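Protein chains in written order, with the numbering used here: chain B, 1483 to 1813; chain V, 42 to 317.
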């Protein structure tokens, strides 16, 4: 079990309100991703749930039990840190066994659980090594091993992949997703990388300046962003936001069109000149300076033979325009 | 690009290094040489080196005239005792300053260090009277307390510096893994800080061993350590340089040997965290 309920949780550091007040329910077994730009309070929120920071006001419950004032060790949660936070003076075996030792398990039980976890994580041959003798990916597996042996009610991940190289990040991302599918335990995952958020989450919580901007499934956020912040943050490259007369024509303060929903047309549309073209083989990214709509990004499928200085006409695909009011909220 | 090392430059650097080392070590060398001379040879002018008459008599006389083992034992108890007592107080203090600093932590650290700037002689009379009144004058426990208080700022500062180098996330991981404060310190913090703690112990044992002002002021006979043993050889009937040198050599020999064997640890500890 691992249902986590936050009610009016507030956190201040001195005079500064980092989290002015958050209400959030995380269902048992969900994979929830906190995403947002640097300094949005996502890591602080995770640390509040972990108990590593004290809440200034509000309450927090895990499976119906109030844990607002409980010590980290009393919450039944396991955490994987960005820096792995392995104990450098202990072997991999002792690192993984540490939480079991703290829980007072017998040596035989500790050994059995460590062996099982090592097998799942392909660490069997490294059990007698120290963290300093392992690669980044192996260290990350040890950190995950140390978390899973405890059989916690929820896992907390604090940007666990940001120290890995791009290829390893993709592999570990898939491993963590598979781990969630096999364990079916609640996982809360913090990242600033919206690709990780989109690919891993059952539910994404988009945070900005300590506020929740929107909560929903990845596709809900992609298809129906609640405001311009979410619209700009989810999706890569960023959604084009156009203000002024073109938006007013559609009765909005701003209209948004995703780069992949911007079509190249032979007549009509918005005329512009190509500033930059990036050819990835599978896609072509164009940066276009238009006359009426400002600078727009276009993601065209396949190879498009356009280069700097070429004239092009752009138009949004039908039904793919998002409208926003002057307060930034979707209309 | 690395700096070019020509043989000439290397020779000059080596010469310079040896010269500096010799200048620093010269007084100690002089003392050791003098301890093997006769009294007449020790005071000869110009100083005698190769032509001096060498003898072991000074050592024999110093040994027979005083109770060296007692002074030695007092030095061991006072220096080790004050350092260990200091650690017991300083580890929790440094832990809280390093990992849960408050607004005034930096000020507190500076204040602790500033106490080292006060001349000891300024508080000699009150402390002397206090020790008399408490009945700990000329007692080992009294000196252990006095030297512990004297070195406490250094112990706290050193440990604070080492603890600051330990990533807070590792201690948080221990907390998440179910470790209470005691287990966190015993299983995670202390093993990781061993090099730092070891050099703190070494340096403070050396400082306490060499301390002369308080150890001579606050003792007469019972608790007198080796510093008082040396002082006892500058007798009113005249200065006997050779015997004084022999006594001094005997007093510094143990700490010199300890320092020699632990120099790697000391240097490593003192430069700990200087380069990442």
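Every residue gets a Cβ at the ideal spot worked out from N, C-alpha and C, and that includes glycine. On a predicted model such as this, the values are computed, not experimentally measured, just so you know.
If I follow the unbroken beta strand (DSSP E) through residue i, where does it start and stop?
i	result
residue 1721/B	Where residue 1721/B is concerned, there is no enclosing beta strand (DSSP E), given that its DSSP letter is neither H nor E.
residue 1508/B	1498-1508
residue 1671/B	1668-1673
residue 1752/B	1752-1761
residue 1690/B	1685-1690
residue 1696/B	1693-1698
residue 1796/B	1793-1798
residue 235/V	No beta strand (DSSP E) holds residue 235/V; the alpha helix (DSSP H) holding it covers 231-251.
residue 1786/B	It is not in any beta strand (DSSP E) - residue 1786/B carries neither H nor E in the DSSP assignment.
residue 1540/B	1539-1544
residue 1533/B	That residue, residue 1533/B, is in no beta strand (DSSP E); it is neither H nor E in DSSP.
residue 1716/B	It is not in any beta strand (DSSP E) - residue 1716/B carries neither H nor E in the DSSP assignment.
residue 1596/B	Careful: residue 1596/B lies outside any beta strand (DSSP E), inside the alpha helix (DSSP H) at 1589-1602.
residue 1745/B	1744-1747
Would you identify the three-state DSSP class for residue i, choosing helix, strand or coil?
i	result
residue 23/V	With chain V represented from 42 up to 317, any question about residue 23/V goes unanswered, as that position is not in the structure.
residue 82/V	helix
residue 102/V	helix
residue 1803/B	coil
residue 192/V	helix
residue 1703/B	helix
residue 1771/B	strand
residue 302/V	helix
residue 1489/B	strand
residue 1548/B	strand
residue 141/V	coil
residue 221/V	coil
residue 148/V	helix
residue 1577/B	helix
residue 1607/B	helix
Roughly how many angstroms separate the alpha carbons of residue i and residue j, rounded to a whole number?
i	j	result
residue 1635/B	residue 1808/B	43 Å
residue 63/V	residue 187/V	34 Å
residue 195/V	residue 288/V	29 Å
residue 1568/B	residue 1711/B	36 Å
residue 1480/B	residue 1774/B	This structure cannot speak to residue 1480/B, because chain B is shown only from 1483 to 1813.
residue 87/V	residue 76/V	17 Å
residue 1728/B	residue 1776/B	11 Å
residue 185/V	residue 123/V	4 Å
residue 316/V	residue 206/V	Caution applies to residue 316/V, whose pLDDT of 40 falls short of 50 and renders its modelled position unreliable; the model cannot decide the point.
residue 1736/B	residue 1726/B	7 Å
residue 1766/B	residue 147/V	55 Å
residue 1802/B	residue 1605/B	47 Å
residue 262/V	residue 111/V	10 Å
residue 1745/B	residue 1706/B	20 Å
residue 229/V	residue 215/V	7 Å
residue 92/V	residue 305/V	38 Å
residue 1560/B	residue 1630/B	8 Å
residue 1793/B	residue 1769/B	12 Å
residue 1659/B	residue 1670/B	12 Å
residue 299/V	residue 118/V	15 Å
residue 1505/B	residue 1687/B	11 Å
Counting only the same chain and skipping the five closest in sequence on each side, list residues whose C-beta sits under 7 Å from that of residue i.
i	result
residue 1592/B	1579, 1582, 1583
residue 1575/B	1596, 1609, 1610
residue 1493/B	1500, 1501, 1526, 1530, 1535, 1537, 1538
residue 284/V	99, 102, 103, 274
residue 82/V	89, 93, 94
residue 72/V	286, 289, 290
residue 1761/B	1785
residue 1804/B	1707, 1713, 1737, 1738, 1812
Identify every residue that forms a DSSP beta bridge with residue i.
i	result
residue 280/V	275/V
residue 1559/B	1636/B
residue 1778/B	1770/B
residue 1494/B	1499/B
residue 1737/B	1724/B, 1805/B
residue 1812/B	1806/B
Note down, in chain order, each residue of its chain lying with its Cβ closer than 6 Å to the Cβ of residue i, except the 5 sequence neighbours on either side.
i	result
residue 1486/B	1508, 1544
residue 1786/B	1766
residue 1683/B	1513, 1515, 1700
Can you find the residues in the same chain that come closer than 8 Å, C-beta to C-beta, to residue i, ignoring five residues on each side of it along the sequence?
i	result
residue 98/V	79
residue 1689/B	1516, 1517, 1518, 1522, 1523, 1524, 1527, 1695
residue 1542/B	1486, 1487, 1488, 1489, 1491, 1530, 1531, 1548, 1549, 1550
residue 314/V	Bear in mind that a pLDDT of 45 at residue 314/V, under 50, signals an unreliable position, so the number given afterwards is only what the model happens to contain. Hits under 8 Å: 202, 203, 205, 206.
residue 162/V	254
residue 150/V	138, 197, 198, 201
Over the uninterrupted alpha helix (DSSP H) stretch that includes residue i, give me the two end residues.
i	result
residue 55/V	48-76
residue 1513/B	Counting along the chain, residue 1513/B falls outside any alpha helix (DSSP H), though it belongs to the beta strand (DSSP E) covering 1513-1517.
residue 1631/B	It is not in any alpha helix (DSSP H) - residue 1631/B carries neither H nor E in the DSSP assignment.
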